[in-house]
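So the structure is just underneath, and the comments pick up after that.
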Amino acid sequence: LFCASQSSLLFQTSKGKCQPIEIPLCKEVPYNFTYFPNPYLQQDQQSPLIKTKCNRNIQFFVCSVFAPMCPEGMPQAVTSCRSVCEQVR
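For the sequence shown, the tail end lands on 1489 under the working numbering, and the numbers increase by one without skipping.
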(Lines of atoms letter the chains of each structure in order from A and count residues from 1; the text may use other names and numbers.)
(Lines give C-alpha, C1' and ligand atoms only; values in the text may rest on other atoms or scores of the structure.)
Protein backbone atom coordinates (compact mmCIF):
# COMPACT_ATOMS: atom_id res chain seq x y z
CA LEU A 1 0.00 0.00 0.00
CA PHE A 2 2.98 2.30 0.27
CA CYS A 3 4.02 3.43 -3.18
CA ALA A 4 7.59 4.68 -3.23
CA SER A 5 7.47 5.47 -6.94
CA GLN A 6 4.11 7.24 -6.76
CA SER A 7 2.97 10.32 -4.88
CA SER A 8 3.59 9.20 -1.33
CA LEU A 9 4.48 11.86 1.18
CA LEU A 10 8.00 11.95 2.54
CA PHE A 11 8.67 14.44 5.28
CA GLN A 12 11.88 15.38 7.03
CA THR A 13 12.12 14.20 10.59
CA SER A 14 15.20 15.99 11.87
CA LYS A 15 13.37 16.96 15.06
CA GLY A 16 11.46 13.70 15.37
CA LYS A 17 12.47 10.24 16.39
CA CYS A 18 11.56 6.75 15.32
CA GLN A 19 9.52 4.86 17.92
CA PRO A 20 7.39 1.72 18.17
CA ILE A 21 3.73 2.21 17.30
CA GLU A 22 1.60 2.39 20.46
CA ILE A 23 -1.75 3.41 18.94
CA PRO A 24 -4.05 0.38 19.41
CA LEU A 25 -5.81 0.95 16.06
CA CYS A 26 -2.47 1.01 14.24
CA LYS A 27 -0.95 -2.12 15.77
CA GLU A 28 -2.34 -4.16 12.85
CA VAL A 29 -0.79 -2.14 10.00
CA PRO A 30 2.11 -3.75 8.07
CA TYR A 31 4.84 -1.71 9.79
CA ASN A 32 5.95 -1.40 13.43
CA PHE A 33 7.68 1.98 13.78
CA THR A 34 6.63 5.60 13.27
CA TYR A 35 8.10 9.10 13.65
CA PHE A 36 6.95 11.61 16.22
CA PRO A 37 6.24 14.41 16.04
CA ASN A 38 4.21 13.43 12.98
CA PRO A 39 3.49 15.75 9.98
CA TYR A 40 0.74 17.41 12.04
CA LEU A 41 3.21 18.18 14.83
CA GLN A 42 1.44 15.94 17.31
CA GLN A 43 4.02 15.20 19.95
CA ASP A 44 2.81 11.79 21.08
CA GLN A 45 0.73 8.81 20.05
CA GLN A 46 -2.10 9.44 22.48
CA SER A 47 -4.09 11.52 19.97
CA PRO A 48 -7.54 10.02 19.39
CA LEU A 49 -8.15 7.98 16.25
CA ILE A 50 -11.65 6.96 15.25
CA LYS A 51 -12.36 3.29 14.57
CA THR A 52 -14.49 2.89 11.51
CA LYS A 53 -15.63 0.16 9.14
CA CYS A 54 -16.39 2.48 6.20
CA ASN A 55 -13.67 1.19 3.91
CA ARG A 56 -11.33 -1.77 4.26
CA ASN A 57 -8.32 0.56 3.75
CA ILE A 58 -9.40 3.30 6.18
CA GLN A 59 -7.44 1.87 9.12
CA PHE A 60 -4.25 1.75 7.07
CA PHE A 61 -4.86 5.22 5.64
CA VAL A 62 -5.55 6.85 9.03
CA CYS A 63 -2.52 5.18 10.58
CA SER A 64 -0.26 6.16 7.67
CA VAL A 65 -1.30 9.79 8.17
CA PHE A 66 -1.11 10.05 11.97
CA ALA A 67 1.56 7.38 12.58
CA PRO A 68 3.55 7.32 9.31
CA MET A 69 5.95 4.48 8.61
CA CYS A 70 9.50 4.92 9.88
CA PRO A 71 11.69 3.07 7.35
CA GLU A 72 14.92 1.80 8.88
CA GLY A 73 17.90 3.85 7.78
CA MET A 74 15.88 6.65 6.14
CA PRO A 75 15.82 10.24 7.45
CA GLN A 76 12.18 10.74 6.55
CA ALA A 77 8.84 9.07 7.18
CA VAL A 78 6.53 7.68 4.49
CA THR A 79 2.76 7.89 4.24
CA SER A 80 0.45 6.07 1.85
CA CYS A 81 0.33 6.92 -1.83
CA ARG A 82 -2.33 8.76 -3.77
CA SER A 83 -4.12 5.57 -4.85
CA VAL A 84 -4.80 4.64 -1.20
CA CYS A 85 -6.11 8.16 -0.52
CA GLU A 86 -8.44 7.88 -3.49
CA GLN A 87 -9.69 4.44 -2.41
CA VAL A 88 -10.83 5.68 1.01
CA ARG A 89 -12.33 8.93 -0.27
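All residues carry an ideal CB built from backbone N, CA and C; glycine is no exception.
Anticipated Cβ contact below 8 Å, residue i with residue j, distance rounded
i: Pro1420; j: Phe1436; result: Actually they are not in contact, since the Cβ atoms of Pro1420 and Phe1436 sit about 11 Å apart, beyond 8 Å.
i: Ile1423; j: Gln1445; result: 5 Å
Residues that DSSP places opposite residue i in a beta bridge
i: Lys1417; result: Phe1436
i: Met1469; result: Thr1434, Val1478
Same chain only: Cβ atoms within 8 Å of residue i, ignoring 5 sequence neighbours per side
i: Gly1416; result: Tyr1435, Phe1436, Pro1437, Asn1438, Ala1477
i: Pro1468; result: Leu1409, Phe1411, Thr1434, Tyr1435, Asn1438, Pro1439, Ala1477, Val1478, Thr1479
Cutoff 6 Å; reference residue i; Cβ partners in own chain excluding five residues on either side
i: Cys1470; result: Cys1418, Phe1433, Thr1434, Tyr1435, Ala1477
Selected residue, minimal CA-CA separation from residue i, among the options
i: Glu1472; options: Glu1486, Lys1427, Cys1426, Tyr1431; result: Tyr1431
Close-in-space but distant-in-sequence residues of the same chain around residue i (CB under 7 Å, 5 per side omitted)
i: Lys1346; result: Past the boundaries of the shown model lies residue 1346; the chain is included only from 1401 to 1489, so the question cannot be answered.
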